[in-house]
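Sequence positions in the sequence shown follow the numbering used here and run 150 to 235.
C-beta: ideal position from N, C-alpha, C; glycine also.
Quantities reported herein were computed from a predicted structural model and do not represent experimental measurements.
These notes are about the structure you will find just below.
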Amino acid sequence: MKFGLWVGVIEMGIAFLLWSMALRRTAHLARIGQLIFLAPFLSLLLIERVLGETVPASSWVGLTVIVVGVALTGRPQSTAGSKKIA
Numbered sequence: 150m151k152f153g154l155w156v157g158v159i160e161m162g163i164a165f166l167l168w169s170m171a172l173r174r175t176a177h178l179a180r181i182g183q184l185i186f187l188a189p190f191l192s193l194l195l196i197e198r199v200l201g202e203t204v205p206a207s208s209w210v211g212l213t214v215i216v217v218g219v220a221l222t223g224r225p226q227s228t229a230g231s232k233k234i235a
């Protein structure tokens, strides 16, 4: 019972409220939306550091791909090579 209460209130309830507040306060919804892709990276980091469990190298490779993808999509696009359609 206590575990269910913890998950419901802390892990889901407070996280949802904070996420909702972040979405209301930002002018760039897409940037905030990309943060959700960083959650698995932070989770594995906490699992390794706090719980002392070994995380396979393949997980780190996959998470690196995710972080690089988020970083690339967050970069400003150059307009030098784009063509304008009249």
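Proximity test, residue i beta-carbon vs the ligand MN heavy atom, cut-off 7 Å
| i | result |
| --- | --- |
| L193 | With respect to small molecules bound, the structure shown includes none, and the ligand MN cannot be examined in it. |
Close Cβ partners of residue i (< 7 Å) along its chain, the five nearest in sequence each way excluded
| i | result |
| --- | --- |
| I181 | A171, L172, T175 |
| A179 | none |
8 Å Cβ cutoff met for residue i and residue j
| i | j | result |
| --- | --- | --- |
| S208 | L193 | yes |
| L187 | V219 | yes |
| T222 | Q183 | yes |
| F190 | V217 | no |
Close-in-space but distant-in-sequence residues of the same chain around residue i (CB under 6 Å, 5 per side omitted)
| i | result |
| --- | --- |
| V204 | L193, E197 |
Extent of the continuous alpha helix (DSSP H) run through residue i
| i | result |
| --- | --- |
| L172 | 164 to 174 |
| P205 | Looking at the DSSP string, P205 is not in any alpha helix (DSSP H), and its letter there is neither H nor E. |
| G182 | 178 to 183 |
Separation of residue j from residue i, as counted between CA atoms
| i | j | result |
| --- | --- | --- |
| L195 | H177 | 28 Å |
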